[in-house]
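What follows is a set of notes on a single structure, which appears directly below.
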Amino acid sequence: MINEFNDAFNEYDFLLGPVAPTTAFKIGENTKDPLQMYLSDVMTVAANLAGIPAISLPAGHANELPVGLQLMAAQKKDSELLELAHKTEGLLK
């Protein structure tokens, strides 16, 4: 997985994707279903396993529930990622 991310970052400076495969759960919804709770984090696991910096940003709402975007950068590009996240957050407001 690390090699695949390295290949991607040889071609792209950053990667953009969703934070979760669905909108947020309503309060109290799906909390008793361990599989649904696990699947809500599935989009963020790869960055953690590969040891690359990633950050999530609020990106609006769908069906009155919040959705988020995830930005990822190559290892040791934390500062660049934070700078991009700051600029992107300003555009999303």
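Numbering (this note's numbering), first residue to last: 26 to 118. Glycine is no exception: its CB is placed at the ideal position from the N, C-alpha and C atoms.
Minimum Cα-Cα distance from residue 112 among the listed residues 89, 100, 80, 87 corresponds to 80. The closest CA to that of residue 48, considering only 88, 100, 106, is found on 88.
DSSP, read as helix, strand or coil, puts residue 53 in coil.
Residue environment: residue 44 is assigned as buried (16 or more neighbouring CB atoms within 10 Å of its CB, all protein chains considered). At least 8 Å separates the beta-carbon of residue 109 from that of residue 34.
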